[in-house]
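These notes concern the structure reproduced below.
Numbering (the working numbering), first residue to last: 1087 to 1538.
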């Protein structure tokens, strides 16, 4: 008899839909079949059984402009569990005064309250000579992905061409992944300098100073460094048709380059910046046009974009209070709790994405890209991370009904089809029918390595 059996479900895998039972023992999936027996059983009749979501881009308790994003690792992971997320990859907080191993150790302490499993990308900011030589030590600590910015030069986060080349070379040697926020800093600065004071006081200036060409140009740059060094490259939060097309062009040259997009770039457009509350939608990259969103949906459907992540970085309406200029706002939106229902509703339910693609773009592909070898699939030997999902449930997005520690939702008032009913993480039921059933600190650090 198994520890846990999920019965009567419709299990969704990349191969299609299977009517079967699934068994978990000691936190690991051990059997998929029929008439399985468990000490604890979940009846999934009428529900889809999906692998737990792997959100590979979140920012919990992120320091920004003397403040912090409003979700910490406890509240953020609780919200994630309610949204079917069982693993997340956050970021260290880099500094020129600390080395990468110190950054990892500090973040490990901050993340201890998490109720879901977590890993980190190392943030490569505050460039100091020889920083690239710290990469192997970070890999030994279980971090195999390194985050670079081609923008934000005014805050010291931008990596210049020399830093990119040296670090990409070391990343290629170690078998790690270069993770890039791709926007052209020089172009952003130039476009911003052209604005009048009146224009700077309009929220619409955000998208005017960070147009899609900024994204496309930066993607071409980092793709080139990946090509000449042999480094694996992943581009985060692709927001535009132009950006996605540059990813496709790089792949056609045989480069090892992957990319993600986020629900906000699929659902929202830059027209929200014209609203009275448009400042609440500040994000970087900026929101785009409707045609961009449709193009990105298509890319997810046929594999030109690899997966969905949220870039979850919430701030309350007070934290985002308008101070007279778009440049004075913290950038980021909440999303870790709503991503799976949004992608099902806007993708699968509308026919944009085949059902069997859903577990790939939400779980399997991010797990594979980042070496989370026990995550992302419903198969024997993988962790017992799964979601019972009602594909017919319809609900209205309201911030007050969600668990994220933020008082507004970018999707407020939207009708959504599909809802998480139960979330299981390593065989433990951590959320079910509106109730959290787990204790703080149950999440484990996801140590990764670059060896097969």
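Note that the Cβ used here is the ideal one computed from N, Cα and C, for glycine as well.
Environment of residue i [buried if 16+ CB atoms lie within 10 Å]
| i | result |
| --- | --- |
| residue 1499 | exposed |
| residue 1183 | exposed |
| residue 1430 | buried |
| residue 1105 | exposed |
| residue 1448 | buried |
| residue 1264 | buried |
| residue 1376 | exposed |
| residue 1436 | exposed |
| residue 1176 | buried |
| residue 1103 | exposed |
| residue 1123 | exposed |
| residue 1368 | buried |
| residue 1407 | exposed |
| residue 1393 | buried |
| residue 1480 | exposed |
| residue 1466 | exposed |
| residue 1279 | exposed |
| residue 1513 | buried |
| residue 1338 | exposed |
| residue 1241 | exposed |
| residue 1214 | exposed |
Secondary structure of residue i, DSSP reduced to three states
| i | result |
| --- | --- |
| residue 1202 | coil |
| residue 1251 | helix |
| residue 1433 | helix |
| residue 1189 | helix |
| residue 1445 | helix |
| residue 1354 | coil |
| residue 1320 | strand |
| residue 1246 | coil |
| residue 1309 | helix |
| residue 1475 | strand |
| residue 1109 | strand |
| residue 1480 | strand |
| residue 1468 | coil |
| residue 1521 | strand |
| residue 1427 | helix |
| residue 1099 | strand |
| residue 1492 | coil |
| residue 1034 | A question about residue 1034 goes unanswered here, because the residues of the chain that appear run from 1087 up to 1538. |
| residue 1393 | strand |
| residue 1415 | coil |
| residue 1300 | helix |
| residue 1293 | helix |
| residue 1497 | coil |
| residue 1104 | strand |
| residue 1278 | helix |
| residue 1371 | coil |
| residue 1486 | helix |
Residue i - containing alpha helix (DSSP H), residue span
| i | result |
| --- | --- |
| residue 1452 | 1451 to 1455 |
| residue 1045 | Here the chain comprises residues numbered 1087 to 1538, so residue 1045 is not present and cannot be evaluated. |
| residue 1384 | 1376 to 1388 |
| residue 1163 | 1159 to 1168 |
| residue 1141 | Where residue 1141 is concerned, there is no enclosing alpha helix (DSSP H), although the beta strand (DSSP E) it sits in stretches over 1139 to 1141. |
| residue 1518 | Residue 1518 -> not in any alpha helix (DSSP H); beta strand (DSSP E) instead, spanning 1514 to 1518. |
| residue 1285 | 1283 to 1286 |
| residue 1184 | It is not in any alpha helix (DSSP H) - residue 1184 carries neither H nor E in the DSSP assignment. |
| residue 1328 | 1327 to 1338 |
Rounded distance between the beta-carbons of residue j and residue i, thought under 8 Å
| i | j | result |
| --- | --- | --- |
| residue 1400 | residue 1371 | In fact, because the Cβ distance is near 17 Å, the residues do not count as touching under 8 Å. |
| residue 1535 | residue 1457 | 7 Å |
| residue 1266 | residue 1234 | 5 Å |
| residue 1342 | residue 1318 | 5 Å |
| residue 1139 | residue 1095 | With 8 Å as the limit, residue 1139 and residue 1095 do not qualify as a contact, their Cβ atoms being about 17 Å apart. |
| residue 1483 | residue 1493 | Actually they are not in contact, since the Cβ atoms of residue 1483 and residue 1493 sit about 14 Å apart, beyond 8 Å. |
| residue 1330 | residue 1391 | 6 Å |
| residue 1257 | residue 1227 | So it is not a contact: roughly 15 Å between Cβ atoms. |
| residue 1472 | residue 1137 | 6 Å |
| residue 1355 | residue 1379 | 7 Å |
| residue 1328 | residue 1284 | Their Cβ separation, rounded to whole angstroms, is 28 Å, which puts residue 1328 and residue 1284 out of contact at 8 Å. |
Terminal residues of the beta strand (DSSP E) in which residue i lies
| i | result |
| --- | --- |
| residue 1230 | Neither: residue 1230 is in no beta strand (DSSP E) and is coded neither H nor E. |
| residue 1115 | 1114 to 1119 |
| residue 1174 | 1171 to 1177 |
| residue 1346 | 1343 to 1347 |
| residue 1362 | Segment: none, residue 1362 is in no beta strand (DSSP E) and carries neither H nor E. |
Beta-ladder partner(s) of residue i, from DSSP
| i | result |
| --- | --- |
| residue 1126 | 1090 |
| residue 1213 | According to DSSP, which records beta bridges pairwise, residue 1213 is partnered with nothing at all. |
| residue 1235 | 1244 and 1267 |
| residue 1136 | 1473 |
| residue 1398 | 1144 and 1419 |
| residue 1531 | 1204 |
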